[in-house]
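Chains as they are written, first to last, in our numbering: chain A, 1 to 114; chain B, 1 to 113.
Ideal placement from N, C-alpha and C gives every residue a C-beta, glycine not left out.
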Amino acid sequence: GENVEQHPSTLSVQEGDSAVIKCTYSDSASNYFPWYKQELGKGPQLIIDIRSNVGEKKDQRIAVTLNKTAKHFSLHITETQPEDSAVYFCAASKGNTGFQKLVFGTGTRLLVSP
Amino acid sequence: DVKVTQSSRYLVKRTGEKVFLECVQDMDHENMFWYRQDPGLGLRLIYFSYDVKMKEKGDIPEGYSVSREKKERFSLILESASTNQTSMYLCASSLPSPYNEQFFGPGTRLTVL
Chain A
1 GENVEQHPST
11 LSVQEGDSAV
21 IKCTYSDSAS
31 NYFPWYKQEL
41 GKGPQLIIDI
51 RSNVGEKKDQ
61 RIAVTLNKTA
71 KHFSLHITET
81 QPEDSAVYFC
91 AASKGNTGFQ
101 KLVFGTGTRL
111 LVSP
Chain B
1 DVKVTQSSRY
11 LVKRTGEKVF
21 LECVQDMDHE
31 NMFWYRQDPG
41 LGLRLIYFSY
51 DVKMKEKGDI
61 PEGYSVSREK
71 KERFSLILES
81 ASTNQTSMYL
91 CASSLPSPYN
101 EQFFGPGTRL
111 TVL
């Protein structure tokens, strides 16, 4: 089955710096790659996603890149702010008809210091 | 505003007890999911349901069962709780398209003593 590895497990940056979180997946049939952010005491929330027919996607300060050949994708956060502090999860899915089974990475705890 | 609610934020049970975790969504979503979250292991899928009375095993179904009698409600059952089931349990729901966002509840932190 699919296996998703995520690095680093923790990341500390200064406010205004950029942060990059990397994930690799094992199943070349995976075609959907969402990123979820989990704030303290809350459930994860989708922040950005990318499909395999696209190499990069941006939404304001966040961007995701996908390298299908290497089977890895990354989350980039620019101009980090303290409110970006959270746990971030990457995930991969083959997008099977009728239901989607997401396989999640192990999470990255991002701490942004003022 | 979309909402997934879970019956308890914190729960303490004894080994061998039968435990029910309830999840309700108000978005008329077909898909519902139960995950457990453990440090260093991320989110692991226990069970999911794509329709009323339909269920499929996820990656770690052992020791759990589920029930979905109504579209909006998905229950996770621990038939005989054990200490290794101490964890954070997250419920989620989504529309049936493979590319739809999963909406998560706030989680239930279960401690089995």
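Contact annotation for PRO106 of chain B against chain A: GLY41, LYS42, GLY43 [CB-CB distance below 8 angstroms, chain order]. The alpha-carbon of VAL19 of chain B is positioned some 38 angstroms away from that of VAL112 of chain A. Look at LEU111 of chain A: its C-beta is not under 8 angstroms from any C-beta on chain B. In the DSSP assignment, GLU15 of chain A falls outside any beta strand (DSSP E) and carries neither an H nor an E.
Of all residues in the segment 42-69 of chain B, only GLY42, LEU43, ARG44, LEU45, PHE48, TYR50, GLU56, GLY58, ASP59 come within less than 8 angstroms of chain A when Cβ atoms are compared, listed by chain position. Three or more Cβ pairs drawn from the segment 86-105 of chain B and the segment 26-45 of chain B lie within less than 8 angstroms of each other, which places the two stretches in contact. Looking at B:GLU56, B:GLN85, B:GLN102, the one whose alpha-carbon comes closest to that of GLU17 of chain B is B:GLN85. When 7 angstroms is used as the limit between beta carbons, SER93 of chain A is near these residues of chain B: PRO98, in chain order. Annotation: the continuous beta strand (DSSP E) that includes ALA92 of chain A extends over 86-92. Around LYS101 of chain A, the beta-carbon contacts reaching into chain B at under 8 angstroms are LEU45, PHE48, GLY58. Around the beta carbon of HIS29 of chain B, 16 or more other beta carbons sit within 10 angstroms, so the residue counts as buried. LEU78 of chain B is positioned such that its CB atom lies no closer than 8 angstroms to that of VAL66 of chain B.
Within the DSSP bridge table, the entry for HIS72 of chain A names A:THR24, A:ASN67 as partners. Under the DSSP assignment, THR108 of chain B falls in the beta strand (DSSP E) whose first and last residues are 108-112. According to DSSP, residue pairing for TYR50 of chain B in a beta bridge does not occur.
Take LYS94 of chain A, set aside five residues on each side of it, and the residues of its chain with a beta-carbon closer than 8 angstroms to its own are GLU2, ASP27, ALA29, SER30, ASN31, TYR32, LYS101, in chain order.
Contact annotation: VAL24 of chain B and ARG73 of chain B have beta-carbon atoms nearer than 8 angstroms.
Contacts with chain A at 8 angstroms (Cβ-Cβ) include LEU90 of chain B. Under the 8 angstroms criterion on CB atoms, ARG51 of chain A is classed as interfacial with respect to chain B.
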